[in-house]
Amino acid sequence: MIYIGLTGWGDHDSLYPPGLAAKDKLQEYAAHFPTVEVDSYFYAIQPRQNVEKWIHETPNSFRFVVKAYQGMTGHERGPIPYSSKEEMFAAFLDSIEPFIQSGKLAMVLFQFPPWFDCRREHVMYLRWCKAQMKEVPVALEFRHRSWFSPRFYAKTLQFMTEEGWIHSICDEPQAGEGSIPTVLYPTNAEKTLIRLHGRNVYGWNKATSGENWRAVRYLYRYREDELREWVAHIETLKTKTKDIYVLFNNNSGGDAADNAKQLIRLLGIEYTDLAPRQLDLF
7 MIYIGLTGWG DHDSLYPPGL AAKDKLQEYA AHFPTVEVDS YFYAIQPRQN VEKWIHETPN
67 SFRFVVKAYQ GMTGHERGPI PYSSKEEMFA AFLDSIEPFI QSGKLAMVLF QFPPWFDCRR
127 EHVMYLRWCK AQMKEVPVAL EFRHRSWFSP RFYAKTLQFM TEEGWIHSIC DEPQAGEGSI
187 PTVLYPTNAE KTLIRLHGRN VYGWNKATSG ENWRAVRYLY RYREDELREW VAHIETLKTK
247 TKDIYVLFNN NSGGDAADNA KQLIRLLGIE YTDLAPRQLD LF
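Going by this note's numbering, the sequence shown opens with residue 7, and the numbers climb by one from there.
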């Protein structure tokens, strides 16, 4: 199965009828795509009632990729709002339990920051995180190039395979140490994650601070020839891994939804078990 979707469901205006309330957007989103990344978890571990609402609003076949809370991946610069890291992970696991019980959890994505480089203590922390997550499927995405430097390339992939991490394969600008190459290597026979961040090299380097850095970094629209590259990549990857999840994160200019639908067409996919669409009478 190839699941194609977006990172979040709130900001994709081309999907929704005019005036659709924010609380109703997920239900309409699920009429277009079979999966989504729940990026709100990065900012705060969500109440279980939110999770139960999202489960209720989506078809049985819908799958959620939940982004790990920023305190779990070291993005949180200040003190975490928990008495210990163990308590933080326990709170996260309790929150996602309804996803697990419903069968709608695809995986939890651990995306580490650009300063999380390849060193012994970071490898040990990855092992600790994996142990805390128990049997929950977890994906790993790096942002520091050292993990895929010639010195560590093979060891990184071996580590991910042996430790049971799902590889989050990235398409992003090649912009120095704070970016990683596209490494077309599944580390899990069941699942592989692909995240397309765009190829805005200028924006990637410029977007280091300020309130609008995300708007700058992810401003990019994939051309058809670039998406056809990914058609070929996906055709190769699907011979090595059972399910592939593809998430478009290039939404600063509203391009993610259009690019995702374009990729669906290029792959010749027709999803038959999406949610019913709302009718826009006007």
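Using N, Cα and C, we set each Cβ at its ideal position, and we do this for glycine too.
Note that the structure is a prediction, hence the values are computed from the model and not measured.
| Item | Value |
| --- | --- |
| Buried or exposed by the 16-neighbour rule on C-beta atoms within 10 Å, applied to Gly204 | buried |
| Residue of Gln138, Val189, Glu230, Tyr208 minimising C-alpha distance to Lys267 | Glu230 |
| Where Tyr226 falls: helix, strand or coil (DSSP) | coil |
| Buried versus exposed, by CB contacts within 10 Å (16 or more), Pro315 | Given that the chain is displayed from residue 7 to residue 288, the structure contains no residue 315 and the question cannot be resolved. |
| Buried or exposed by the 16-neighbour rule on C-beta atoms within 10 Å, applied to Glu241 | exposed |
| Ordered list of beta strand (DSSP E) runs contained in the stretch 184–210, each at least 3 residues | 197–202 |
| Presumed contact (8 angstroms Cβ cut-off) between Tyr9 and Tyr224, rounded CB distance | Between Tyr224 and Tyr9 the Cβ distance is about 21 angstroms, and since that is not below 8 angstroms, they are no contact. |
| Touch test, the stretch 51–58 against the stretch 26–36, Cβ-Cβ under 8 angstroms, three pairs minimum | no |
| Distance between Arg83 and Ser20 (C-alpha atoms, nearest Å) | 35 angstroms |
| Complete beta strand (DSSP E) runs within the stretch 222–269 (minimum length 3 residues, chain order) | 249–254 |
| Nearest-angstrom Cα separation, counted from Asn265 out to Thr64 | 22 angstroms |
| Buried or exposed (CB count within 10 angstroms, at least 16 for buried), Ala238 | exposed |
| Sequence-distant residues of its chain with Cβ nearer than 6 angstroms to Ala181 (five each side left out) | Val207, Trp210, Asn211 |
| Which residues DSSP lists as bridging Tyr175, in chain order | Before going on, a small fix: residue 175 reads as Ile here, not Tyr. Bridge partners of Ile175: Ile200. |
| Span of the alpha helix (DSSP H), counted from its first residue to its last, around Ile61 | 54–62 |
| Sub-9 angstroms separation of Ser185 and Arg133 beta-carbons | no |
| Per-residue burial, Tyr49 [other beta carbons within 10 Å of its own, 16 or more giving buried] | exposed |
| Rounded straight-line distance, which links the Cα of Val42 to that of Gly170 | 22 angstroms |
| Beta-carbon gap between Lys248 and Ala195 smaller than 9 angstroms | yes |
| Beta carbon of Asn371 nearer than 9 angstroms to that of Arg227 | Residue 371 is absent from the structure shown; the chain starts at 7 and stops at 288. |
| Length of the line joining the Cα atoms of Phe70 and Ser108 | 11 angstroms |
| Alpha-carbon to alpha-carbon, Leu269 and Ala37 | 17 angstroms |
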